[in-house]
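In my numbering, the protein residues as written are 21 to 620.
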């Protein structure tokens with residue numbers, strides 16, 4: 021049967037089942053003590069974890085991996101069956117490393133309370149005595165600590181408990197689950213260092229969903245196969261889809277793939293992919309050649325049900341990995357090796373963007389009956405669910421993706437040393453590169469020339485995104501100053517470098533606005549000077565004159581702007597082109613060019 025006990029009764033059930041005997045009563049977690057009406061503060065959470073560490077020093081170890089903008093420590097828990105507490109020790113013992121994180125959105129905090137209960141049941145109660153025999157668990161109980169402490173009953177209007185919960189953003193109003201690739205937040209920069217230190221084999225990210233009402237306690241998401249190395253995709257299908265989820269439902273839960281409805285006013289119209297990318301946890305892990313699971317408990321279930329939904333899925337997943345740890349290590353090792361070997365294939369295509377697969381598959385939605393009425397307030401359709409009337413709908417599933425824009429990666433990227441903003445981002449992501457110690461002349465490379473930039477009208481995560489631009493690739497010969505860097509693609513993190521450096525990638529540094537200055541001319545012409553320049557240019561170039569007259573005919577806005585008319589000529593003159601406006605600073609080298617560069 022499903023775990024749908026009444027709220028207070030479920031709390032009592034937790035106390036009796038998970039605390040067998042008076043000697044164990046002290047280990048009831050704060051959430052259990054309140055019968056899941058509340059969730060503990062960060063101070064209370066750390067106090068409980070410190071007690072666990074003191075009671076089980078051979079199984080639990082706490083470390084600080086960063087400091088938040090408001091000065092709070094970011095804590096990570098290392099859990100192991102035999103005191104394997106370092107990445108080197110884990111690798112030497114051939115133990116896969118599982119990174120479990122909660123509270124990246126602190127209002128969605130089930131993963132924290134489920135994690136405390138699970139660690140207690142592993143380390144103190146010995147309920148799962150062998151669960152971590154062949155795994156090292158790296159657990160972040162609260163990722164966005166400052167947001168967690170900005171607790172309020174009004175932070176999550178869509179959610180059923182706990183009584184007070186954290187704020188979605190961190191102290192600088194950044195959403196950490198949109199920050200993985202750009203890494204603006206200090207918390208994310210600390211997380212990236214933790215990631216590079218441990219290089220986990222599997223990432224689990226715990227959230228609470230918004231959206232429709234339905235029967236499921238929990239929905240889950242993994243990246244589309246086209247975004248993954250085949251070895252990673254195969255491991256996810258076998259371990260998560262074929263093994264863990266069926267075992268999980270035997271614990272009394274209903275689970276579903278992530279439900280992003282095409283029309284929130286009518287679930288019968290089907291579901292689609294929510295559009296993950298490298299700014300999200302699972303999308304970033306995919307670029308790192310790692311499987312990742314997004315867990316979304318259902319916001320309308322009681323907090324108790326949601327915590328247990330996470331608790332049960334976690335111990336099922338860990339049990340499946342512990343049963344065959346070598347399969348996970350083999351998958352991640354194979355994916356890394358494939359990425360390195362890909363650099364030898366001059367014809368390989370790497371997708372930068374994806375589009376919906378036009379073919380849908382049938383899906384059985386376990387939802388509720390609902391009504392649709394016209395609202396005189398919003399002048400839209402108001403959907404209202406009746407959770408007393410479960411109903412199953414057969415709908416279309418358009419979750420599948422197909423590669424859209426793809427590129428052939430270079431053998432290496434070259435970045436002039438003055439572009440420190442780019443190099444710093446590579447450092448934050450642990451991208452390997454070589455630094456040129458002296459100037460190099462006559463380096464042949466491929467360059468991008470960009471034009472026609474258009475930015476978003478409103479900011480997103482502190483940036484005005486570059487929505488569109490035109491791009492032209494061309495050969496070039498450059499002189500590289502000392503301090504320039506060469507980023508070879510024969511490295512396991514090559515996909516991260518491609519995402520950052522290819523201008524057309526959705527989360528490139530260019531798209532996020534870090535390189536806006538390249539579109540800004542610094543010299544300009546006075547109108548009285550440009551008047552004469554225009555006449556001289558038209559006399560010398562009749563084709564240019566015809567182009568100007570055609571644009572006057574075809575573009576009324578252009579024709580109405582005296583400045584635009586003069587800029588037409590200035591932008592086609594050597595006074596403008598010498599400024600290299602739109603010249604993308606990242607260069608591409610093929611294998612032959614890289615070999616020549618290495619001999620200079």
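A virtual CB, placed ideally from N, CA and C, is assigned to each residue, including glycine.
#### Entry: Where residue 469 falls: helix, strand or coil (DSSP)
strand
### Complete runs of the alpha helix (DSSP H) confined to the region 483-549 [at least 4 residues]
514-521
### Query
Thinking just about the alpha-carbon of each residue, which of 348, 512, 86 and 392 is nearest to the one in residue 211?
86
#### Entry: beta strand (DSSP E) runs contained entirely in the region 42-99, provided each spans 3 or more residues
Unbroken beta strand (DSSP E) stretches of 3 residues or longer found wholly inside the region 42-99: 80-87, given in chain order.
### Query
Where residue 511 and residue 452 are concerned, what is the direct C-alpha to C-alpha distance, given to the nearest angstrom?
7 Å
### Message
I'd like the span of the beta strand (DSSP E) that includes residue 276, first residue to last.
### Response
275-277
### Query
With C-beta atoms as the reference, is residue 430 less than 8 Å away from residue 509?
The answer is yes: Cβ separation under 8 Å.
### Query
Are the beta-carbon atoms of residue 92 and residue 165 separated by less than 8 Å?
Against a cut-off of 8 Å, the Cβ pair of residue 165 and residue 92 comes out as a contact.
#### Entry: Inter-residue spacing [alpha-carbon to alpha-carbon] between residue 601 and residue 341
53 Å
#### Entry: Straight-line gap, residue 331 to residue 296 (C-alpha atoms, nearest Å)
Rounded to whole angstroms, the separation of the alpha carbons of residue 296 and residue 331 is 25 Å.
#### Entry: Reference residue 458; option with closest CA among 492, 468, 473 and 506
506
### Query
Since residue 609 is in the alpha helix (DSSP H), which residue starts that stretch and which ends it?
Per DSSP, residue 609 lies in no alpha helix (DSSP H); the unbroken beta strand (DSSP E) holding it starts and ends at 607-609.
### Task
Decide if residue 270 is buried, meaning its Cβ has at least 16 other Cβ atoms within 10 Å, or exposed.
exposed
### Task
Could you tell me if residue 555 is buried or exposed, where buried requires 16 or more neighbouring beta carbons within 10 angstroms of its beta carbon?
exposed
### Range covered by the alpha helix (DSSP H) that runs through residue 216
206-218
### Query
In whole angstroms, what is the alpha-carbon distance linking residue 175 and residue 60?
Those two C-alpha atoms are separated by around 16 Å.
### Query
How long is the line joining the alpha carbons of residue 388 and residue 414, rounded to whole angstroms?
13 Å
#### Entry: Residue span of the beta strand (DSSP E) that contains residue 428, given as start and end
Premise fails: residue 428 is in no beta strand (DSSP E) and is neither H nor E.
### Sequence-distant residues of its chain with Cβ nearer than 8 Å to residue 193 (five each side left out)
Correct list, in chain order: 482.
### Query
Using DSSP with H/G/I as helix, E/B as strand and the rest coil, what is residue 706?
For the chain, the structure presents residues 21 to 620; residue 706 sits outside this window and is missing.
### Query
Smallest Cα separation from residue 501: which of 434, 542, 527 and 184?
434
### Task
Quick one: grab the DSSP three-state call for residue 227.
strand
### Task
Would you give the residue range spanned by the beta strand (DSSP E) that residue 414 belongs to?
First-last of the beta strand (DSSP E) with residue 414: 401-418.
### Message
Please return the same chain residues whose Cβ sits closer than 6 Å to the Cβ of residue 285, not counting the five positions on each side in sequence.
### Response
401 and 403
### Message
Give the list of continuous alpha helix (DSSP H) stretches no shorter than 4 residues that lie fully inside the region 329-415.
### Response
345-362
### Task
Evaluate residue 305 with the Cβ neighbour count: other Cβ atoms within 10 Å of its Cβ, from every protein chain shown; 16 or more gives buried, anything less gives exposed.
Classification of residue 305: buried, given that the 10 Å Cβ count is 16 or more.
### Task
Starting from the C-beta of residue 307, find all residues in its chain whose C-beta is less than 7 Å away, skip the five residues before and the five after it, and write them out in chain order.
298, 515, 516 and 519
### Message
So for residue 171, helix, strand or coil by DSSP?
### Response
When secondary structure is reduced to three states using DSSP, residue 171 falls in the coil class, being assigned neither helix nor strand.
### Message
Within a Cβ cutoff of 6 Å, which residues of the same chain sit near residue 521, ignoring the five residues on either side of it in sequence?
### Response
433 and 606
### Task
Determine the DSSP secondary structure at residue 250, reduced to helix, strand or coil.
In the structure shown, residue 250 adopts helical secondary structure according to DSSP, grouped into three states.
### Message
Quick test of the definition: if touching needs 3 or more C-beta pairs under 8 Å, does the region 244-262 touch the region 348-359?
### Response
yes
### Message
As a quick exercise: from 65, 100 and 237, pick the residue whose alpha carbon is nearest that of residue 133.
### Response
65
### Query
Do residue 118 and residue 281 come within 8 Å of each other at the CB atom, strictly closer than that value?
no
### Query
In chain order, what residues of the same chain have a beta carbon less than 6 Å from the beta carbon of residue 597, not counting five sequence neighbours either side?
none
### Task
Compute the Euclidean distance between the alpha carbons of residue 623 and residue 474, then round it to the nearest angstrom.
Outside the modelled stretch of the chain, which goes from 21 to 620, sits residue 623, for which no answer is possible.
### Query
Hey, out of 104, 168 and 109, whose CA is closest to residue 125's CA?
168
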